[in-house]
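The structure under discussion appears below in the form of structure tokens.
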Amino acid sequence: MTKGSEWWRSAVIYQIYPRSFADGMGADGIGDLPGITERLPALVELGVDAVWLSPFFTSPQKDAGYDVANYCDVDPLFGTLDDFDRMQAKVHELGLRLIVDLVPNHTSDQHAWFQQALATPEGSPERDHYMFREGRGPGGTQPPNNWESVFGGPAWTRLVRSDGTPGQWYLHLFDSSQPDLNWQSEWVREQFRDILRFWLDRGVDGFRVDVAHGLMKAPGLPDYTPPADGGSMGGGVSYEPAIHDHAEDPTPPYWAQDTVHEIYRDWHRLLEQYPGERVLCAEAWVEPLTKLARWVRPDEMQQAFNFSYLETPWSGPTMRAIIDDSIAAFSGVGAPSTWVLSNHDVVRHASRLALTAANAQGAGIGPNSPGLPDRALGLKRARAATSLMLALPGSAYVYQGEELGLPEVIDLPDSARQDPTWFRTNHERYGRDGCRVPIPWEAKAPSYGFSSGSASWLPQPAYWAEYARDVQRGVPGSTLELYKLALALRQQHGLGVGELQWLDGYNDSVVAFENSGITVLANTGATEVPLPKGTILLASGAVETTLPGDTTVWLQR
Ligand code: NOJ
């Protein structure tokens, strides 16, 4: 294989969150597939290689589409299969690739499979498609084990039989409307092969696999109490290299079971039967990275999101350590490193990097959160962090709106919040709505050009105008132009397929390396440092003869 011949090894993949990208259908304030089709040229102009779409499938939308009721159709909110075909044709015509989301850990409780399971007696083959169990204690009144839902509260819900008496319990690692499938079942496996084929036959270039660490559970479903600092995904997901070695943590019985890998080997073989280079990308919150790398062994998936990188604090030593660990772990199995700073589940990095109090993944921030960020500092750091990320070899993910420098929306009215986390924790955790607010396209249009009317499923803040794409386009120094420049230079100099060499002679706060003839210096500290001689190709902030704090430059020497 020629280096870089597999597109996904160095691709920059743009995440579209359909309900918040562009509303092209009926001005209902919810983004949709026709809206995406219309706005695709903006992504070509930005310079990305591929798009990944969060779920647009038939769904009651209890978890914004991650509760799928029909995997092979489009929810009327987002359009039709014809709209999908039109959108995909446009994506391909523009030279981009298309990745769709696959949600195999659970279905919606409205899915026909779950409804059939409910309609058939305990112990029936239909019940075996999900994780039904008897309760513990007299009368089975206690849940089968002590597992907690990622969104808060117990991971089990008890059914009521048709005669009104209490029945079995079913497992849901997420909301009670998202029952977990039983992946021991060959029937379930066959259904998902069909779903993969359905979308591959339609022409998609790959799948982002939701909760790819969760499908298999430990035999006997034993009790488990996660370590106190385990992060909100339920154990072992925060990156604190100096403090805590997660390699020592026990594996939770609901995550990262060895038996999950045979499923991905099977899918790998299925994808190989298709022409083109189709890919699987794991959403697996697994640490340490050497363990995550098992998801991208040569006969499994092509990519796994590097959440350890996303969670790394903005400091020289931790950034260098995570970059080294990532490249070592992924290249150890022949896979590319991936890099990501934001997505629809975490506080946007233009806010997160300036938080002054810990905030677990998924907890979100709201008006009463401690350590709220300074907006200007957050943006400065985000621009520096992105400029560092896009200079790294491997593949990078960009979440819609980060190219505009969008911050997390902190002051959403409580009445507008929709994330199940908010409800399942009795408003203790704000959840993820603040990073999902529809993005601004035009400063002066109603709903900032998101929709043709003024509706927007989450309210857009008044200050959204200053971030709108049209006021940044063509303006030197804007965040949009910074992303465009970084992506163009990355492409031109082959940074994605390059190799990183650390540079010595800088203080601890400076992340300094060379990749493909470009010198990259990221100053995570507050003190200015001298700049080496050379032509500045890119600067994330104002730079003269020295490199200020929270600033990154790319130089050609
Ligand atoms: C991960 C998805 O990214 C998140 O949005 C969703 O709530 C959970 N998986 C459950 O599907």
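Heads up: the sequence shown runs through residues 1048 to 1604, numbered per the working numbering.
Don't be surprised by glycine CBs; every beta carbon is placed ideally from N, CA and C.
Check: residue i C-beta below 7 Å from any heavy atom of ligand 1
i: HIS1260; result: no
i: VAL1150; result: yes
i: TYR1217; result: no
i: HIS1158; result: no
i: HIS1391; result: yes
i: GLU1330; result: yes
i: ASP1257; result: yes
i: PHE1221; result: yes
i: ASP1110; result: yes
i: TYR1510; result: no
i: TYR1113; result: yes
CA nearest to the CA of residue i, picked from the options
i: LEU1247; options: GLY1071, THR1272 and ASP1148; result: ASP1148
i: GLU1085; options: GLN1135, PRO1595 and ASP1110; result: GLN1135
i: ARG1066; options: ILE1583, SER1462 and SER1498; result: SER1498
i: TYR1510; options: TYR1495, SER1503, GLY1524 and PRO1107; result: TYR1495
i: TRP1469; options: LEU1451, ALA1069, GLY1541 and GLY1200; result: GLY1200
i: SER1209; options: ALA1166, TRP1230 and ILE1486; result: ALA1166
i: TYR1514; options: THR1582, GLU1449, LYS1264 and ALA1410; result: GLU1449
i: GLY1323; options: TRP1055, GLU1475 and VAL1590; result: TRP1055
i: TYR1444; options: GLU1053, SER1057 and TYR1061; result: TYR1061
i: SER1416; options: LEU1426, ILE1583, SER1398 and LEU1534; result: SER1398
i: GLU1309; options: TYR1321, GLY1142, ALA1259 and LEU1220; result: ALA1259
i: VAL1393; options: ALA1405, VAL1387 and GLY1411; result: GLY1411
i: ILE1486; options: PHE1068, LEU1534, SER1052 and VAL1059; result: PHE1068
i: LEU1547; options: ALA1423, ALA1116, PHE1560 and ASP1555; result: PHE1560
i: TRP1314; options: SER1362, ALA1382 and ARG1244; result: ARG1244
Where residue i falls, given that 16 or more other Cβ within 10 Å makes a residue buried
i: SER1101; result: buried
i: LEU1090; result: buried
i: ARG1520; result: exposed
i: GLY1564; result: exposed
i: PRO1440; result: buried
i: HIS1139; result: exposed
i: GLY1186; result: exposed
i: LYS1427; result: buried
i: GLN1320; result: exposed
i: ALA1455; result: The sequence shown places Glu at residue 1455, rather than the Ala named in the question. That one is buried.
i: ASP1480; result: buried
i: ASN1406; result: buried
i: LYS1109; result: buried
Residue(s) in a DSSP beta bridge with residue i
i: GLY1253; result: ILE1146 and VAL1326
i: TRP1549; result: PHE1560
i: TRP1601; result: VAL1567 and LEU1585
i: PRO1577; result: THR1593
i: GLU1195; result: PRO1201
i: ASP1227; result: HIS1153
Cut-off 8 Å between Cβ atoms - residues of its own chain near residue i, not counting five sequence neighbours on either side
i: VAL1522; result: GLU1528
i: THR1272; result: ASN1193
i: GLN1231; result: MET1263
i: VAL1115; result: PRO1102, PHE1104, THR1105, SER1106, VAL1150, THR1154, SER1155 and HIS1158
Same chain, Cβ closer than 7 Å to residue i, neighbours up to 5 away in sequence not counted
i: ALA1074; result: SER1498, SER1499, GLY1500 and ALA1502
i: ASP1517; result: TRP1488, GLU1489 and ALA1490
i: PRO1081; result: GLY1071, MET1072, GLY1126 and ASP1130
i: LEU1087; result: LYS1137, VAL1138 and LEU1141
i: VAL1484; result: SER1067, VAL1456, LEU1505 and GLN1507
i: ARG1604; result: THR1566, PRO1579, LYS1580 and GLY1581
Beta-carbon contacts of residue i that lie in its chain and below 6 Å, excluding the five residues immediately before and after
i: MET1348; result: TYR1311, LEU1327, ALA1329 and TRP1342
i: THR1598; result: ALA1431, ASN1570, SER1587 and GLY1588
i: LEU1268; result: ASN1192
i: LEU1402; result: GLY1418 and PRO1420
i: ILE1374; result: SER1384
i: THR1472; result: GLY1199
Any chain D beta carbon closer than 8 Å to residue i
i: LEU1080; result: No chain D appears in the structure shown, which is made up of a single protein chain.
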